[in-house]
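> Quick one: the structure is below, questions incoming.
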Amino acid sequence: MSDPTNDPVICPVCGKKAKTGSAIDCARHMFGTGDKPHREWVNAQGLSFIDLLIDQATTPGNASYQILADVIEKTRPKK
Amino acid sequence: MNKYTVINPHSKFTVLNTHVHNIDGVAKVTGRAEYTFDIKLPGMLYGKILRSPHPHAKILNIDYSRAMEIPGVYGVVTGKDTLGIKQGIWRRYKDLCDEQILPVDKVRYIGEPVAAVAAITEEIAEKALDYIDVEYEVLQGVYEPLDAIKKDAPEIHEGFERNINVTRHIEWGEVEEAFDEAEYVREDWFKCGGQAHMCMETRAAVSSYTPEKKMTIYSSNQSAYYMQALMAGVLGMREGDVRVIAQYVGGGFGGKFELDGAIFCSAILSMKLFRPVKIIYTREEDFIATKRRTPMFYYVRTGVKKDGTFCAREAKVFTNGGAYTGMGATALYLTGFFHSFPYRWKGYRYDGYRVYTNTLPSTSMRGFGAPQAMWCSEQQIEWIAADLGLDPIEMRRKNSHYEGYEVPGQATIASCGIDQCYDEIKKWIASKGKLPANRSIGLSACGFMSGGIFNWFDTPYSFSSAVVTINQDGTVELHIGAQEIGQGSNTTMAIICAEALGVKVGDIKVHSGDTDHCPADLGAWGSRQTLMTGNATKMAAESAKKQLLEFAYAQSGLNIVYDLDIKDGWVHAIARPERGEEFVQLVRKALRGKDGQRIVGRGYYTPHRKGMISPAYSYMLQGVEVEVDEETGKITLVDSMTAHDCGQPINHLGLIGQLEGAFSMAAGYGYLEYMPYEDGKLMNPNLVDYKMIRSTEMPPANIAEIDTYEPEGPYGAKEAGEGLTNPTAAAIGNALFHRFGIQMKECPVRPEMILNALKEKKEKEAQGK
């Protein structure tokens, strides 16, 4: 996990820093925005935006957000 | 007989907190108040709307040539006569603007407007509808959100996969860790029904478009400014060329601040024909073609410690959004926020999903998502207390908000009187003594906002504004953009203005509901007017007063302007109240001193840095005494008690009226008002079959008014009248739980549900479970 105080995660689609700047907040931002570019980015990572969303809706916990947060972390540009 | 008690009365004001009758009361009871229905303009035509009989269908062709042959028919409009603009209140979020009031290509619910006729009489217009031939290609429909998100469900709007319209996520704290700390976790699913707004005045509009390309619209709405801006947008006009007048409005309750068919179709017909066109909805049209309270499916998981300390809560909500977004996206957010109220959660997580279906669109309605939230939350809390063997009142109290509490990342609670609400409800319960065998008491708590901070409308204007002008005879013109819809806001503003200026309520003339003469205001929704327009009014009045006192100061020789005050029309030195002069004399001197220029005070209010939701929150507790007929399952409300923290009341009479009205609407939601659909068709669109609560079914509505002081409100005032729509349904459910041990998970609770629950309980008991 990134340290949000020193190394905020920026949305790979719109460049926005969500709330604390953590990857999970970035994932929340991507689901919350949910517009075509954000959906397409998620799908391009080999995930299904809508399946993740439905899973988040129908099962307890934050599994879908965490899956997307992990992908966001992995795809962050290396310094 | 209702009982009314005041706890913590503040120091006396001259006007505020006295009993003031509604300033429009006489005009209303003598029949002189002019509603849209009463408007008659020269050359006016009457419009009627043809509606879709299908829940989901493509419009292939509309042929209205036969209708035009009927004598007295002047014109017909269809979607092709419009600019085809998808409209909505979400000017900042274009994706959510998804509704063409007269659709061009597709209908998505039964009752959706398809064409409109203008004729010399209403009867001819009605007849002409039968002669409009519409060719449809009927599509498969889907009516429940949990069906609409399935993979094979029909697509209602293009580009919204699985028909998910809007999602909302709220989270604070380490939710899973907080659940780990819990010693008891409970999960439940709930279903909350829709509810019709049931305004006594149905949707109504008269539009008049002139060759000068100016449009005047008389309409029954909750925000003249919204209507002006929205209509200008869909008609391709400048805002300033559209005038909206909404002088008297017979109720709104959240349903009348979006565009509706009456306004839009009358305007389009008027533009085509250059004649004024009036459209008044029938009661049936109001049922089937105007938006409703949002039905919801709620999953709630709550974790607590054995001593009743709340740890964590998770909620997942699917709302039946119907065919279009309307205000439902805000209801989706607010239901998630208020589901946490009025308690402190170490970890809280909410995921809300608004789903398109082929039913009537759902939108805001008094309580704005909170009645559904409290129906689920407050019943589950009661069941948890029973499971743990704890006192439900003390368990609630232990976990409640308090003054200064911060809802993490969301809101700061500047005033909170819920602790005293618990005391008052306990006293009422104790006063009831032993109840008859068929009766029981249920209670429920909640909190609510005093106006939303959201600016999804993307207006550059302040949220509220007011202008005070003083005439040479001492009378005062108060211009506000707030909309009087029967809730008494004009009276409230007259009181605030009179108090601030130091004159009598009878000296104030309030002007509202006319965009040509009143400043912009976001209108009557979310309990915002007392706090927001109240602040603007107070500021405008104080500005005018300061200007007047500058003249008084100049002639009095006192040290500073603030040594002077005005009370009851008497301008005087504060330390020597006998030294002074009449208000009207000062006004005349001030006018002469300013070369005849009028004294004008301006005020405005837009909340800044007040959290995510609202500048202030009210708190309340609802108790109900319920009687049940075990043979029929019929519920009777026998008595009720409301303890309400409303900050500083502005008008006692208005406050009582608002609380009684909210209670009756909430009670109807709890056990009477049911909207059954079959294949997208509402089965009871009339006042006989839709069981609205009647006066004979209303129990006494006893009220304990808890006066706190809200720093953000005018004179310390905050919400009263919308919040009380929230707890009552759950209180009824809790009374049933205490009487029978049954857990009602669907709202409204209907007699057959009680009988079935009792039967199921007996069967389980017989099986020894």
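If you read the protein sequences in the order shown, they are chains E and D. If you read the first sequence in the numbering used here, its first letter stands for residue 1, the second for the next number, and so on. If you read the second sequence in the numbering used here, its first letter stands for residue 1001, the second for the next number, and so on. By construction, the Cβ of each residue, glycine as well, lies at the ideal position given by its N, Cα and C atoms. Quick caveat: nothing in here was measured; it's all calculated off a predicted structure.
#1: Can you tell me the Cα-Cα spacing of Gly1569(D) and Val1503(D), whole angstroms?
#2: Which of the three DSSP states, helix, strand or coil, is assigned to Glu1122(D)?
#3: According to DSSP, is Tyr1461(D) part of a helix, a strand, or is it coil?
#4: Using only alpha-carbon positions, find the residue among Tyr1281(D), Ala1541(D), Asn1686(D) and Thr1491(D) that is nearest to Val1026(D).
#5: Would you mind reading off the limits of the beta strand (DSSP E) that contains His1644(D)?
#6: Which chain E residues sit within Cβ distance under 7 Å of Asp1351(D)?
#7: Do you know offhand how far Asn1017(D)'s Cα is from Ile1495(D)'s?
#8: Between Lys74(E) and chain D, is any beta-carbon pair separated by less than 8 Å?
#9: Below 9 Å on C-beta distance, what does Lys1316(D) contact in chain E?
#10: With 8 Å as the threshold, decide whether the Cβ of Asp1095(D) is near any Cβ in chain E.
#11: I'd like to know if Leu53(E) contacts chain D, where contact means its C-beta is closer than 8 Å to some C-beta of that chain.
#12: Starting from Gln45(E), trace the alpha helix (DSSP H) both ways and give me its first and last residue.
#13: Evaluate Glu1765(D) with the Cβ neighbour count: other Cβ atoms within 10 Å of its Cβ, from every protein chain shown; 16 or more gives buried, anything less gives exposed.
#14: Using a 10 Å radius around the Cβ and a threshold of 16 neighbouring Cβ atoms, would you call Ala63(E) buried or exposed?
#15: Under a three-way DSSP split, which group does His1021(D) fall into?
#16: Give me the Cβ distance between Cys1192(D) and Gln1410(D), rounded to the nearest whole Å; I'm assuming they're in contact under 8 Å.
#17: Assuming the contact rule is C-beta atoms closer than 8 Å, Ala1115(D) and Val1076(D) should be a hit. Round their C-beta distance to whole Å, please.
#18: Find the residues of chain E that neighbour Thr1167(D), judging by a C-beta separation of less than 9 Å, and give them in chain order.
#19: Whose C-beta lies closer than 8 Å to the C-beta of Arg1739(D) among residues of the same chain, with five residues either side of it excluded?
#20: So for His1479(D), helix, strand or coil by DSSP?
#21: Identify the continuous alpha helix (DSSP H) that holds Asn1734(D) and give its terminal residues.
#22: Specify, as a first and last residue, the run of the alpha helix (DSSP H) that Trp1428(D) falls within.
#23: Check the Cβ of Ile50(E) against every Cβ in chain D and list those closer than 8 Å, keeping chain order.
#24: With 8 Å as the C-beta to C-beta threshold (strictly closer), list the residues of the stretch 1131-1163 of chain D near chain E in chain order.
#25: Find out if the Cβ-Cβ distance for the pair Arg1243(D), Leu1045(D) is shorter than 8 Å.
#26: Whole beta strand (DSSP E) runs in the stretch 1673-1732 of chain D with 3 or more residues, listed along the chain?
#27: Output the boundary residues of the alpha helix (DSSP H) element that contains Phe1795(D).
#28: If you measure between the beta carbons of Tyr1350(D) and Asn1165(D), is that distance less than 8 Å?
#29: Taking any Cβ of chain E, which residues in the stretch 1291-1302 of chain D have a Cβ under 7 Å from it, in chain order?
#30: Output yes if chain E places a C-beta closer than 8 Å to the C-beta of Ala1176(D); else output no.
#31: Give the secondary structure of Leu1388(D) by DSSP, where H, G and I count as helix, E and B as strand, and everything else as coil.
#32: Alpha helix (DSSP H) containing His1652(D): first to last residue?
#33: Within the same chain, show all residues whose beta-carbon is closer than 6 Å to that of Glu1484(D), passing over the 5 residues directly before and after it, in chain order.
#34: Can you say whether Glu1212(D) is buried or exposed, counting buried as having 16 or more other CB atoms within 10 angstroms of its CB?
#35: Just the C-alpha distance for Thr1325(D) and Gly1668(D), rounded to the nearest angstrom, thanks.
#36: Among Gly1336(D), Lys1291(D) and Gly1328(D), which residue has its Cα nearest to the Cα of Arg1313(D)?
From the atom records:
#1: 5 Å
#2: helix
#3: coil
#4: Thr1491(D)
#5: Ile1635 to Asp1645
#6: Gln56 and Ala57
#7: 9 Å
#8: no
#9: Gln56, Ala57, Thr58, Thr59 and Pro60
#10: yes
#11: yes
#12: Per DSSP, Gln45(E) belongs to no alpha helix (DSSP H) and is neither H nor E.
#13: exposed
#14: exposed
#15: coil
#16: Not confirmed; about 23 Å, so no contact.
#17: 6 Å
#18: Phe31, Gly32, Gly34, Leu53, Gln56 and Ala57
#19: Asn1438, Arg1439, Ser1440, Val1626 and Val1628
#20: strand
#21: Thr1728 to Phe1740
#22: Ile1418 to Lys1432
#23: Glu1161, Arg1162 and Ile1164
#24: Ile1149, Gly1159, Glu1161 and Arg1162
#25: no
#26: 1702-1706
#27: Here chain D has residues from 1001 to 1769 only, and residue 1795(D) is not among them.
#28: no
#29: Arg1301
#30: In the sequence under discussion, the amino acid at residue 1176(D) is Glu, which differs from the Ala named in the question. Taking Cβ atoms only, chain E reaches closer than 8 Å to Glu1176(D), which makes this a yes.
#31: helix
#32: His1652 to Tyr1671
#33: Asn1490 and Ser1512
#34: exposed
#35: 25 Å
#36: Gly1336(D)
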